[in-house]
Every structure is written in C-alpha cells, then in structure tokens.
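All remarks here apply to the structure that follows.
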Amino acid sequence: MQTQRLYYEDSYIKEFKTKAISCEKRDGFYAVILDKTAFFPEGGGQKSDSGYIGDVFVFEVLEENGEIIHKTKEPVNEGEEYFCKINWDLRFSRMQNHSGEHIVSGLVHKKYGFDNVGFHMDEEYVTIDFNGELTREQLDEIEDEANEAIYRNIDFKIYFPDEKELKNLDYRSKLDLTEDVRIVEILGVDVCACCAPHVKKSGEIGVIKLLDFTKHRGGVRVVMKAGSLALKDYREKYKNALGISNLLSVKQHDIFTATEKFYNDLGDERRKFYEYRLSVANRDKENLKDINGSLVLITDGYDMDMMREVVNFGAEKTEKYSAVFSGDDRNGYSFVIASKTQDMNELKNEISQKLNGRGGGRDGMIQGKSVTTKQDIINFFKEV
Ligand SMILES: [Zn+2]
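Mapping the sequence shown onto this note's numbering, position 196 (from 1) lands on 196, and the numbers just tick up by one.
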C-alpha cells in the first residue's frame, strides 16, 4: 500500500495525525512506514525533513521503491495512531530557498538560455551552477528581476500534466520523464519539473540575494540566499560592518575604502620600521667584539632580521664564529650564530651543554634561545 503524500496536497502541513503501518528494525535504525505523511523525502536537490512521530525523532526520510521510509532511532507501534510534527522552520527556509532558486534559474534561462546544471542547498546557503558565464552586472540584473517577481506575489501553480499535455509544454527539466511529471509553474517566470515542496506565492520567499560567484566548468557557480537565510546573512554582515565602522570612525558604506587606506598606511609604517631596524643593526655592526677570534654582539631588543643582518656581516670577517645574543640575564637570550668554516652541529651541542640553549638551523647558521648570563656568553666564546 502506498503512503498518501500530504506534502504534495499541501506543502504547508506542519502537523498531522496518521497510523503507523509498519516498523522494521534495520542496521542501526528503524524504518517506519506511515499511512499518510507530510514528511518530504529527499529529492530535487532538497534534503529530507526531520521531525517527530509521537515522541520518536525522525532523523531522515527517503523514498525506497515507491515507499516513503521514515528513519528513527526508537521503534513505533504498528497499527497505532500518532500525532506527527515536522521541523517546520527548517522546511520553510528550504521552501523559500528552493522556490527562490526556481525564480533565478527560470530568469537566467529566459534571458540567456543557460541551464541550471547543478543545485546544492544546505542550512547555510544555496549554490546554482549555470552552463554559461555571467558577469556581476548581469547577476545584479537577475537579482533585481527575481525580487520584482517576489514583490508581484505571483502564484506557484503545481500540477501533473498527462503525456499529451506534457508534450506541448515547454519546461525546464533535468530528467527525460514522461510519467508522473510534477510541474512547478511560477506564472510568467518559470516552468520546471520538480518533486519538492514549494511556497504558494512568491511573496513568501521574502528576498533573494545573489552573493559570490565563481567560474565553474565553462559556466558559473552562484551562491544564493533567500528568505530567512538572507536575513540572517544581512544581520551578521551588519554586525561586522558596524564593528569596523566604529573601529575606523567612518560611515558603514565607506568601510572598504577606509580599511584599504588603513591597510596601505600600515604597510608603509611596517616598511619604515623595517628600514629603521636595519639602520640600527647596521650601526651596531661596529660594536661586534672580538672574543678569542669570534665576533660577538650582546645586545637587547633585537629581532631576527636585525640579528641576521649583523651575524652575516660578522661571518665575512672571521675564521671562527659570528654571533648576536639579544636579551638580558633575567629573561634569557635569543641568538643567531654563523660561521663560514666551523662545524655548527658541534657548536649546537656545546651551546646546549654550557649555555642552556636550544637551537636549530642549517647552511652554517643556527638560531635559538638560551637561558644564561652575559658573563657566561663571554666565557663561552673565550673557550670555544
Ligand atoms: Zn526544484
């Protein structure tokens, strides 16, 4: 016996009473068949509904050999009447987005002749793949027209034409079906074969926003949000825009220009600071002290760039080690040591033993940290 599909009769049924026909234990779940159901099984790019049969949670619904299977973790009693409830907020958001997708795909098809060749819808956003390229300006126009179709509050007409009617019907479809083809017609905008629940009037979609788009297999992939998803997106972006506008003390519509300027200014400051640090390092090259043939600078406030600059300079002037230690006796020292002639692996071991240091590196240069004192560093180079 086939389950009566309430979602075809009325896509707005959120709650209903029905009898459980069968409940079969399967691997990791129960497969429940109901006398009638408003639970939409997966199809047409739209995920299945979830909800409750009595107190039993339905986590997935699918169609299997013409039967609608409600997957549950707990069993229900065969033959018993149940009050059922679908997760309506999620379903309605999907209806808004799926119906919105039909409007956009229909308009693109009408205007440019491109087909929707891929449709993905999840809790966050929708993507539509078109088999032709579109520019931002063209997408903006489509977005305007799609929203105008919402303002006009157009009827969605849903019907199952017979074979003869179907032959004469010009409609979008991914499948070449001839039987039980369910047509979703948005008057004056689109005619398309689809098995999913839709809104009754376009006004219920609320708003359609086309977001990012990327080139995809010779066409474009467009990210879309409609209805409550679009509102949520706007709310989130508003919060971000407000935060940045307060931070930079500019109007919200100027945050890009202001951020770009801030970023460029920061780059200039960084460049200036880098040049300043190098000038300090260049000056300090003269302060390298000869300790038993090694050239050593013990200083504070140096970063890696500065240390390397001085060490490279020193390495050209000595047969032994060129070293910079930056820090103080209380907090320890960062160091960079280089040599054109000496075995750095051996030095690494000695630093670890005598200067309580850890370091690594290659190509005749090591760098690391050492918990030691200025005097111990001087003694170390006297002996090494
Ligand atoms: Zn559809």
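All residues carry an ideal CB built from backbone N, CA and C; glycine is no exception.
Supposed contact pair residue j and residue i - C-beta distance, whole angstroms, cut 8 Å
i    : j    : result
I86  : G51  : 4 Å
V207 : A230 : 5 Å
F83  : G113 : 49 Å between Cβ atoms; not a contact.
A258 : L248 : 5 Å
V324 : M344 : The pair is not a contact, with the Cβ atoms about 15 Å apart (cut-off 8 Å).
G219 : G132 : 5 Å
Burial state of residue i, where buried means 16 or more other Cβ atoms lie within 10 Å
i    : result
K340 : exposed
D254 : exposed
N135 : Note that residue 135 is Thr in the sequence shown, not Asn. Exposed: under 16 other Cβ atoms inside 10 Å.
L139 : buried
F335 : buried
N97  : buried
T214 : exposed
Q252 : exposed
L107 : buried
R94  : buried
K261 : exposed
Q46  : buried
L187 : exposed
R362 : exposed
E309 : buried
G66  : exposed
N77  : exposed
N147 : buried
F92  : buried
K239 : exposed
Y302 : buried
Proximal residues to residue i (C-beta, below 8 Å), its chain only, five neighbours per side dropped
i    : result
E275 : none
G43  : E63, C195, A196
N153 : K201, S202, G203
K17  : E81, Y82, F83, C84
D122 : K47
I69  : A31, V32, I33, P41, V61, L62, E63
Any non-hydrogen atom of ligand 1 closer than 7 Å to residue i Cβ
i    : result
G44  : yes
H109 : no
C84  : no
M120 : Going by the sequence as given, residue 120 is His instead of Met. Every heavy atom of ligand 1 is 7 Å or more from the Cβ of H120, so no.
A146 : no
A149 : no
H216 : no
C23  : no
A226 : no
H102 : yes
A196 : yes
H253 : no
H98  : yes
Close beta carbons around residue i, own chain, < 6 Å, minus the five adjacent residues each side
i    : result
I21  : I33, D35
E185 : K157, V191
G221 : With the sequence shown as reference, residue 221 is identified as Arg, and Gly is not the correct amino acid for it. Taken in chain order, the residues that qualify are T127, D129, T214.
K19  : D35, E81
K320 : G293, S294
D233 : K225
E145 : L107
Y7   : A38, F40, P197
Nearest-angstrom Cα separation, counted from residue j out to residue i
i    : j    : result
Q375 : I298 : 10 Å
I351 : R358 : 7 Å
M304 : N356 : 20 Å
E74  : E236 : 38 Å
E204 : Y30  : 35 Å
M365 : L211 : 50 Å
N168 : P161 : 10 Å
F39  : N264 : 55 Å
S228 : G100 : 12 Å
E165 : R172 : 15 Å
R217 : N116 : 13 Å
E143 : H102 : 13 Å
S11  : E179 : 22 Å
F256 : L266 : 15 Å
S105 : W88  : 25 Å
E141 : Y125 : 20 Å
K272 : L278 : 10 Å
K354 : S245 : 54 Å
I183 : E15  : 25 Å
T72  : V58  : 5 Å
Interface flag, residue i vs chain B, CB-CB below 8 Å
i    : result
D290 : Checking the listed chains, one finds no chain B in this structure; it contains a single protein chain.
Neighbourhood of residue i by C-beta, 7 Å cutoff - its chain only, sequence neighbours within 5 removed
i    : result
G327 : D300, Y333, S334
N292 : F381, K382
D27  : none
F313 : K285
V371 : G332, N356
T318 : G293, S294, L295
G368 : F335, G357, R358, G359, G360
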